[in-house]
Amino acid sequence: MNSILKNIIPRTLKNKLRIVLFFIGFVPFIVILLYLHNLGKEKILDDTLAIQHAQMHLVKTNIEQQLISLQKELHFLATLDMMNDMTVEDVDKRIAALLLHKKQDIGTNVDLFALDTNGKIVASTSKQNKEIFVYTKEVEHASRQAKRYFFKNKMLYLFSPVTSLLQNGAMLGYIVLRYDLNNLEQYVVRQKGLTTLFYFPESALHIGEMPVYKTLKLEGYQKDYISEDYLILNERFEGILSEGFIVYMIEKSIAFSFLNQFLLFLWILFAFGFIVIGVLSWWMGERILKPVRTLTNATQQIIDTQDYTTQVIVSSEDEISELASNFNVMVEEVDRTFRMLEEENRMRLLRFVQLVTIFNNLIQTESEEACISLALEELQKLMPGQRFSFSKTYPDRKDEHAQMLLYVKDFEKGTSDFYGVISLPDVRKEGDEEEQKFYRAIATMIMLQLDQIRLVDQTKAASSAKSTFISHMSHELRTPLHTILSATQYLIGYEGLTIPQQEKIATIESSAGHLLGMINDILDLVQIEAGKVPVSKEIVSSGTIEKLTKEVISMLEVLAEEKHIEMTFENRLRNDVEVFLDRRLFKQILINLISNAVKFTDEGTIALRMELCDEGVCIVVRDSGIGLSREEIDVIFDEFTQVKQSTDSIQKGSGLGLAISKKLATLFEGDVLLQSEGKGLGTTAILRLKLQS
């Protein structure tokens, strides 16, 4: 997530400043907008509710006043003198005419009835005269509850008792007014999105259009609420209609239209403010950081061009201008320091080249006298104004002049002995430390070369003595051995010997031959170490390698047949493969490897193959012989190392064959490797040759 943000918004000072400026302006703006949003929303909602409730209250008041007026009219009619005619059943129809006239005055869909004490209709505005009033019991029940009204089948019945003025208030009957509640529809407000409903929970009556709205809570109007689609407002009637409610159901889109417009205005203001604050933040960040960018560009120019004379020009007069001035001073100081370092590095490099030259000349000397003489000459060339001298005498410690003490190693004793001193009479000991280090470095070079000369001389003397000794000893031994071999071969051909005598002579011949072979191996090893083995390296093809290999196999095939060992050969190389080798040394190595395979294999097979391997060509000799352990493989190429052939501890050879083979292979950039999976599991010998590029 952080890497994505870094790619979208690079974390530069400019972007950070812009973001900070943006939030400094945007946060207060958002706070103000949220305050206006919450305050405005609440205020608009309260105003909307107040307006609708005021309208509802007006409608409710008009309805209540109408019903109060009707009650007063009933009471007035009940107190008229003509109502005493109810006892004679309104013979002259005056009561009926009065009721009809009053109905016309009311102007509403109502009916008036005059009832006697038995509930018989004495007079009415309908045609129900001389009949028993259907709801007489309801009238009596309401009277007992001190009520002057009751509801029945969407009808409101108002009544007033009629008493006799002549008989001390004797009960004569009732004046009843039947008020159709559908008359309330005249108070329905006709507005878009507004539905008016008059609801009476106890009788489950509702007047007005009932919306198809399943979640409308008509059973428990207690307070206003907002449903999914409507704003529901209600007020309870007072007085006669106190059991009912006037309900306003206003579509939310209509009720909150002004609120929605206000919120839309706030969103537009938010977007406008966001853009304006963003643009101002961008502009302010650009203006504030322009000098910093100038400074950054100058720094980048210095990095790219390595020109430390670059100066930064800033026209402002603030802290950034001060920073630019300090930067210019710093660049000047860096430029001066770099020039000093370059000069110092040039001098160091010159001294280093001089040291390399002196050392290169010193390592070419072959005697101690030549080494000291050349060192004095080189020092004189290096510092023409100085004087140098060499002495074998240990210097006086009180001498204040610079001195280069020389020591050489005694390799026999393992100690370092004083050899001499090179004096610098014109240089004091307390001189420049770097110069003293330079002189000590030269002294170290001289001592290393003196040690090398002594070591080379000692090595040459030892090698010469060794070679002379071995050569003389080999010559002294080979002459009598040849004599012994000649004598034994003569005796073997003599027919007068007994079988035991012949066996003894054969043993003498075998031992002499073995000893002669060992002496020849030692002479070969001495010649290799002395570098006297002639090497004729050439490029040969895979066909030539196959021919040389088959020649060696033919030479040794008789030895394999004597032990009933099967010997096979396979060439896996292409005809265009070429390698470096010496034909004579190649055959000598291969003879050693195959001879070892025959020698240490009592029965089984010896398989030879030619193949590509590790950027070279490998001649692989795989036998099924006694095998080698891990410990034996680690030391098998050491000189005079022999391998036990079997549990009877019989050993064959001088222990030099593999060592000589490996050294011979290196003379033409080849190598000899040996592999085995363990005792009794056979051995694989590999002669690796270098491919011609």
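For the sequence shown, our numbering assigns the number 154 to the initial residue and increments by one for each residue that follows. Every residue, glycine too, gets a C-beta built ideally from N, C-alpha and C. Fair warning: this is a prediction, and the values are worked out from it, not measured in the lab.
Check                                                                                                    : Outcome
6 Å Cβ shell around Thr800 - same chain, five flanking residues per side excluded                        : At Thr800 the pLDDT is 43, less than 50, meaning the model places this residue with poor confidence; the figure from the coordinates comes in the next sentence. If we look at Thr800 and ignore the five residues flanking it on each side, it has no Cβ neighbours.
Leu265 beta carbon less than 8 Å from that of Lys256                                                     : yes
Alpha carbon of Lys703 to alpha carbon of Glu764, nearest angstrom                                       : 15 Å
For Glu587 and Tyr572, the rounded distance between their alpha carbons                                  : 25 Å
Where Gly823 sits in the DSSP three-state scheme                                                         : coil
Contact check, Leu746 vs Val774, beta carbons under 8 Å                                                  : yes
Delimiting residues of the alpha helix (DSSP H) encompassing Phe739                                      : 736-752
Inter-residue CB distance, Ile216 and Leu394 (contact presumed, cutoff 8 Å)                              : 7 Å
Exposure of Met209, with buried meaning 16 or more beta-carbon neighbours within 10 Å                    : buried
Range of the contiguous alpha helix (DSSP H) that encloses Lys534                                        : 521-535
Closest residue to Ala594 among Trp420, His254, Phe505, Leu701 (Cα-Cα distance)                          : Phe505
Whether Asn237 touches Leu325 by CB criterion (8 Å)                                                      : yes
Distance between Ser526 and Phe543 (C-alpha atoms, nearest Å)                                            : 9 Å
Limits of the unbroken beta strand (DSSP E) element including Asp269                                     : 263-269
Touch test, the stretch 308-318 against the stretch 344-364, Cβ-Cβ under 8 Å, three pairs minimum        : no
Length of the line joining the Cα atoms of Thr462 and Asn498                                             : 21 Å
Whether Asp382 touches Lys405 by CB criterion (8 Å)                                                      : yes
Endpoints, beta strand (DSSP E) assigned at Leu838                                                       : Residue 838 is actually Ala in this sequence, not Leu. Counting along the chain, the beta strand (DSSP E) containing Ala838 begins and ends at 836-844.
Pro444 burial status per 10 Å Cβ neighbour count (16 or more: buried)                                    : buried
Rounded straight-line distance, which links the Cα of Leu826 to that of Glu785                           : 13 Å
Sheet register partners of Gln110 (DSSP bridge)                                                          : Residue coverage of the chain in this structure runs from 154 to 846, which leaves residue 110 outside it and unanswerable.
Neighbour flag for Gln453 against chain D, beta carbons, 8 Å                                             : Of the protein chains in the structure, only one exists, and it is not chain D.
Proximity of Ile742 and Ser814 at Cβ, strictly below 8 Å                                                 : yes
Proximity below 8 Å, CB of Val263 to CB of Tyr332                                                        : yes
Boundaries of the beta strand (DSSP E) in which Leu330 is found, first to last residue                   : 324-333
Touching by the beta-carbon criterion (3+ pairs, under 8 Å), the stretch 220-228 and the stretch 288-299 : no
Among Ile789, Gln298, Lys740, Gly778, nearest to Leu840 - alpha-carbon criterion                         : Lys740
Three-state secondary structure (DSSP) of Gln611                                                         : helix
C-beta atoms of Leu809 and Gly823 nearer than 8 Å                                                        : no
Contact check, Asp735 vs Phe821, beta carbons under 8 Å                                                  : yes
Status (buried if at least 16 other CB within 10 Å, exposed otherwise) for Asn728                        : exposed
Proximity winner among Gly835, Leu233, Glu731, relative to Glu756 (alpha-carbon distances)               : Gly835
Val705 beta carbon less than 8 Å from that of Ile744                                                     : yes
Counted within 10 angstroms of its Cβ, other Cβ atoms place Ser829 as buried (16 or more) or exposed     : buried
Asp776 burial status per 10 Å Cβ neighbour count (16 or more: buried)                                    : buried
Ser296 versus Asn321: straight-line alpha-carbon distance, rounded                                       : 20 Å
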